[in-house]
Amino acid sequence: MNKDGYEGKLLHDIGISITLAVLFACALMLALTDDELFTENLVMSIAAFITALLAYLQFVTLAIVLASVASVTYIGIKLFLLVSAGNSIEPSCFLWLVLPGLVVVGGVLYVKGQKKLQTENALLKRQVEELVMIDPLTNLYNLRSMFMDMQTQVSFAERNNQPISLMVIKLKYPAELKRALTQEQYEKTLIRVSKYVVDTVRLEDRVY
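So in the working numbering, the last one in the sequence shown is 234, and the numbering has no gaps at all.
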């Protein structure tokens, strides 16, 4: 795994960890706080969950707006009640200043890590495909292998003053066959044709 792949996995894991930690903290606040705070903690927990969902769906701006509105509104109401009615503010209430924002951070890191991992996987897949020399369906050498071998075979024939021949076999009406047959039947047809070709040509001939 290269640097981008390692960073992607690290960001992915950190994002998941932050999100789970925040949701666990929300659950604890619901379970351990007084009954009079249950409703407001439930509302803020739902807001945090929706914020996390938006962040993981890559609606980052909307998630930031929702987290900011939820936190500012909650603390604003608590301060208003403190000034107007003399209600006290529990220390745990101040956690709602940071928990929604942390959920957004976790979601953003997760998405960024996923993108890096997807890029890494796409690169690895392309590199593997470039190295594959055997067709997975027919087990014959593929065209990439043929083009690599062609220059070697032509040079060998020129040096030794020997002829070189190339036989091309094509299915008749391949488009019509694809429409008439299912994918599985079409693949079985290709496999059977390739077997007939291998059985027909000489053992030392390369079949692509």
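Cβ coordinates follow ideal geometry from the N, Cα and C atoms, glycine included.
Proximity winner among Leu68, Val233, Gly133, relative to Val86 (alpha-carbon distances): Gly133
Given 8 Å, three or more beta-carbon pairs between the segment 71-86 and the segment 165-184: As far as the Cβ criterion goes, the segment 71-86 does not touch the segment 165-184, which means the pair count is below three.
Expected contact under 8 Å - CB spacing of Leu125 and Ala74 to nearest Å: 6 Å
First through last residue of the alpha helix (DSSP H) which encompasses Ser71: Counting along the chain, the alpha helix (DSSP H) containing Ser71 begins and ends at 64-82.
Closest Cα partner of Asp39 within the set Leu135, Leu197, Gly127: Leu135
Cβ-Cβ separation, Lys198 to Gly34 (assumed contact under 8 Å), whole Å: That belief does not hold up - the Cβ atoms of Gly34 and Lys198 are roughly 48 Å apart, past 8 Å.
Nearest-angstrom Cα separation, counted from Val233 out to Phe182: 18 Å
Burial state of Met55 (16 or more Cβ within 10 Å): Burial state of Met55 is buried, judged by a 10 Å Cβ sphere holding 16 or more other Cβ atoms.
Local Cβ density within 10 Å of Glu146, reported as buried at 16 or more and exposed below that: buried
Classification of Met70 by the beta-carbon crowding that lies within 10 angstroms, buried from 16 upward: buried
CA-to-CA distance, Ser97 to Phe120, given in whole angstroms: 9 Å
Backbone secondary structure at Tyr199 - three-state DSSP: coil
Alpha helix (DSSP H) segment containing Gln179, residue limits: 169-185
According to DSSP, residues forming a beta bridge with Ile160: Tyr167
Through-space distance from Leu192 to Glu213, alpha-carbon basis: 24 Å
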